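In my numbering, the protein residues as written are 25 to 190. Just so it is clear, CB atoms sit at the ideal spot from N, CA and C, and this is done for glycine as well. These numbers were taken from a predicted model, which means no experiment stands behind them. Notes to accompany the following structure.
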């Protein structure tokens with residue numbers, strides 16, 4: 025599968041929602057519980073932190089967004105955490121298991137280093153083995169479990185805390 029990976033633009037908003045919303049509706053891989061309109065996603069992109077990283081992956085054949093990854097600052101209330109980012113990764117169902125996340129990680133890590141990030145942190149649902157495996161393959165390490173950290177559709181979900189030093 026030919027793939028184009030680059031930083032986000034406003035024109036990507038609809039494609040991002042086409043990837044993200046089915047994942048949210050499915051309710052199995054994220055703690056997000058509300059879908060987004062393309063307009064809301066455009067607003068998110070417009071106000072995305074300048075020091076953040078927002079990478080999108082496109083199918084070369086049809087120019088559709090098939091995955092994306094972003095890093096936001098861990099905290100903005102102190103400079104003590106300026107070197108730490110929170111990373112999230114989303115790949116559409118039809119493209120999973122095809123190395124998309126690996127290519128997203130490669131690009132995202134490169135841009136993150138350029139922006140001064142030294143450490144990335146993520147929360148992964150404990151029942152999302154595919155995501156956890158993808159992160160661990162990229163050198164992330166498990167640092168703990170947050171018990172009953174999220175409540176999704178009335179059910180508690182543990183989250184695995186992982187980190188990687190760049």
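Counted within 10 angstroms of its Cβ, other Cβ atoms place residue i as buried (16 or more) or exposed
i	result
residue 52	exposed
residue 179	exposed
residue 33	exposed
residue 121	exposed
residue 93	buried
residue 37	buried
residue 123	exposed
residue 125	buried
residue 65	buried
residue 113	buried
residue 119	buried
Limits of the alpha helix (DSSP H) - the one that residue i falls within
i	result
residue 50	37-50
residue 159	153-161
Cβ-based neighbour list, residue i, same chain, cut-off 7 Å, excluding 5 preceding and 5 following
i	result
residue 156	148, 184
residue 195	The displayed coordinates of the chain run from 25 to 190. Any statement about residue 195 would go beyond what the structure contains.
residue 191	This structure cannot settle anything about residue 191, because the visible part of the chain is limited to 25 through 190.
residue 127	27, 29, 81
Bounding residues of the beta strand (DSSP E) (the contiguous stretch that carries residue i)
i	result
residue 144	143-149
residue 177	Careful: residue 177 lies outside any beta strand (DSSP E) and carries neither H nor E.
Same chain only: Cβ atoms within 6 Å of residue i, ignoring 5 sequence neighbours per side
i	result
residue 188	144, 163, 164
residue 111	95, 144, 146
residue 56	48
residue 116	43, 90
residue 77	95, 132, 135, 136
Sheet register partners of residue i (DSSP bridge)
i	result
residue 185	147, 168
residue 27	83
Nonlocal neighbours in the same chain, by C-beta distance under 8 Å from residue i, ignoring five residues either side
i	result
residue 88	39, 42, 82
residue 79	29, 30, 31, 32, 92, 93, 94, 128, 131, 132, 135
residue 98	105, 108, 109, 110, 145
residue 61	41
residue 175	181
residue 84	25, 26, 27, 28
Check: residue i C-beta below 7 Å from any heavy atom of the ligand GDP
i	result
residue 100	This structure does not include the ligand GDP; it has no bound ligands of any sort.
In chain order, each alpha helix (DSSP H) run of at least 4 residues that lies wholly inside the segment 60-126: Complete alpha helix (DSSP H) runs here, min 4: 62-70.
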